[in-house]
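Trainee:
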Ligand SMILES: Cc1ccc2cc(C(N)=O)cc(O)c2n1
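Residue numbers (our numbering): 202 to 528.
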C-alpha cells in the first residue's frame, strides 16, 4: 500500500479491512501481524480521510468504536430468546445424576457427547448482528430482558463490528461472557490506588463497573475481553447441529472462543476434564468459577428442552469459592 494513495471510497474500505484484520490477529488470535506503529499510521490515515469525507465512514470502521454517551441511560431490551441461567453441580455425584437423567430422558444407552468449557467469571451479554453488522449489545439482566449497552460494547476490541464472512446470516444473536483478565485487573487497581480511588474487589466486579459506565470513553480505557459461548436466536441460515461446531463457526466469524473448549465422550470425559482444569485453574489468565458442560447435539438439546429457565441439557460444575481477594 502506497503512502500517498489518492483518497477514495475504495481506499477507505481497504484501510478498514486491513485495520480490522490486524486488530483481529492482535486481540482475538493473540498473534500480532504488524508493529503498533504501523497500525497507528494506517489508523491515523483513515481518521484523516474520514474527517474530510464523513460520507465514506464504514459501520465497521475501527474509528467508530468509541462514540458519544447515550443521551439517556441504558434502554431496557427484551431478549429474542431468553438468556438462561444454569443448574449447578457441586460434586461428582451430581454430575453422575445429570448424565443419567440426560440419558434417561433421551432413552439413550450409549455415551453422550458433551462440550466442555471453563465458566468465565464475568458478565453475560447478547450481541445482535443484522447482515453481519453489529446492531446491538444487551446485558443478560434477568434473563428475559437486559440493558442496551451497545455504545460500551463497541469499544471492546474482541467484539467484531462486522462478522468476518461474505455470507452472514440475515440475523444472528451471539452470546458471550465479558471478563477482565487478572493482569488487567491488577493494573486497574494499582492505578486506582495511585489516584486514591476506590478499588475493585475482583475482576468480575471491575468488568461489571466498566460496562455500566455511561461514558464509552471510560469503558474503552478498561481491559475487557469478550469470549463467545453460544449462538442464540438466528434466522435465514442453517445453524450447525453441534454446539462444538457452532463455537468453531463463531471463531471463523471473528469471535474469541475459549481455547480450553473441548468435546468429550460420556461422564468419564467430563470428570477427567474437571480434574485437568481444576489443576490448571491457578495458571489461567482469567477467573473462572466452574465448568459448563453441554450436550453437544443440538437435536438432543431441543429434545431435552428446558425446565423453567435452566436447560436440561447443560449444567455448571462449580469449583469451591476462591478466597476473596484481600485489598
Ligand atoms: C447456556 C449458558 C448459560 C450461561 C453460560 C455462561 C458461560 C460462562 N460464564 O462462561 C458459558 C456458557 O457456555 C454458558 N451457557
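C-beta: ideal position from N, C-alpha, C; glycine also.
#1: Considering residue 435, what are the terminal residues of the beta strand (DSSP E) in which it resides?
#2: Could you please give me the residues that DSSP links to residue 370 through a beta bridge?
#3: How should residue 407 be labelled, buried or exposed, when 16 other C-beta atoms within 10 angstroms of its C-beta is the threshold for buried?
#4: Are the beta-carbon atoms of residue 355 and residue 413 separated by less than 7 Å?
#5: Under the assumption that residue 472 contacts residue 284 (Cβ atoms under 8 Å), give the Cβ distance between them as a whole number of angstroms.
#6: Report buried or exposed for residue 165, applying the criterion of at least 16 other Cβ atoms within 10 angstroms of its Cβ.
#7: Any idea what DSSP makes of residue 348, helix, strand or coil?
#8: Mind listing, in chain order, the continuous alpha helix (DSSP H) runs of no fewer than 4 residues lying wholly within the region 208-243?
#9: I believe residue 516 touches residue 443 by the beta-carbon criterion, under 8 Å. Please report the beta-carbon distance rounded to the nearest angstrom.
#10: Could you give the C-beta distance for residue 339 and residue 388, rounded to a whole number, given that I count them as a contact under 8 Å?
#11: Which class does residue 310 belong to by DSSP, given the choice of helix, strand or coil?
#12: Is residue 520 helix, strand or coil by DSSP?
#13: Helix or strand or just coil, what does DSSP make of residue 528?
#14: State the CB to CB distance for the pair residue 217 and residue 261, rounded to an integer number of angstroms; the pair is presumed to be in contact (CB under 8 Å).
#15: Which same chain residues end up closer than 8 Å to residue 276 when comparing Cβ atoms and leaving out the 5 residues on each side of it in sequence?
#16: Touch check for the region 443-456 and the region 238-254: three-plus C-beta pairs under 8 Å?
#17: Which stretch, first to last residue, makes up the beta strand (DSSP E) that contains residue 494?
#18: Provide the residue(s) that pair with residue 335 in DSSP beta bridges, ordered along the chain.
#19: What are the partner residues of residue 316, as DSSP defines its beta bridges?
Mentor: Answer, in terms of the structure:
#1: Within the chain shown, residue 435 is the residue found at index 234, counting from 1. Per DSSP, residue 435 belongs to the beta strand (DSSP E) from 426-436.
#2: To locate residue 370, count along the chain shown from 1; it is residue 169. Its beta-bridge partners do not exist; DSSP assigns none.
#3: On the chain shown, position 206 is the one that residue 407 refers to. Buried: at least 16 other Cβ atoms inside 10 Å.
#4: Position 154 of the chain shown, counted from the start, is the residue given in the question as residue 355. Position 212 of the chain shown, counted from the start, is the residue given in the question as residue 413. Cβ atoms of residue 355 and residue 413: not closer than 7 Å.
#5: The count along the chain shown starts at 1 and reaches residue 472 at position 271. The count along the chain shown starts at 1 and reaches residue 284 at position 83. Their Cβ separation, rounded to whole angstroms, is 28 Å, which puts residue 472 and residue 284 out of contact at 8 Å.
#6: Nothing about residue 165 can be reported from this structure: the residues present for the chain run from 202 to 528 only.
#7: Looking up residue 348 in the chain shown gives position 147. Three-state DSSP puts residue 348 in a strand.
#8: Runs of the alpha helix (DSSP H) inside the region 208-243: 210-224.
#9: Numbered from its first residue, the chain shown carries residue 516 at position 315. Numbered from its first residue, the chain shown carries residue 443 at position 242. Between residue 443 and residue 516 the Cβ distance is about 18 Å, and since that is not below 8 Å, they are no contact.
#10: For the purposes of this step, residue 339 is taken as the residue at position 138 of the chain shown. For the purposes of this step, residue 388 is taken as the residue at position 187 of the chain shown. Not a contact, Cβ separation roughly 28 Å.
#11: Against the chain shown, residue 310 aligns to sequence position 109. Three-state DSSP puts residue 310 in coil, outside helix and strand.
#12: Counting from 1 along the chain shown, the entry for residue 520 is found at position 319. Here residue 520 sits in coil by DSSP.
#13: Sequence index remark: in the chain shown, residue 528 carries index 327 (1-based). Bear in mind that the predicted position of residue 528 carries a pLDDT of just 47, short of 50, making it too unreliable to give a figure here.
#14: For the purposes of this step, residue 217 is taken as the residue at position 16 of the chain shown. For the purposes of this step, residue 261 is taken as the residue at position 60 of the chain shown. Rounded, the Cβ-Cβ distance is 6 Å, consistent with contact.
#15: Working through the chain shown from its first residue, we reach residue 276 at position 75. Excluding residues within five positions, the ones whose Cβ falls inside 8 Å are 348, 349.
#16: no
#17: Residue 494 sits at position 293 when you count from the first residue of the chain shown. Segment 489-496, the beta strand (DSSP E) holding residue 494.
#18: Locating residue 335 in the chain shown gives position 134, where the first residue counts as 1. Secondary-structure assignment with DSSP links residue 335 through a beta bridge to 330.
#19: Against the chain shown, residue 316 aligns to sequence position 115. Within the DSSP bridge table, the entry for residue 316 names 464, 495 as partners.
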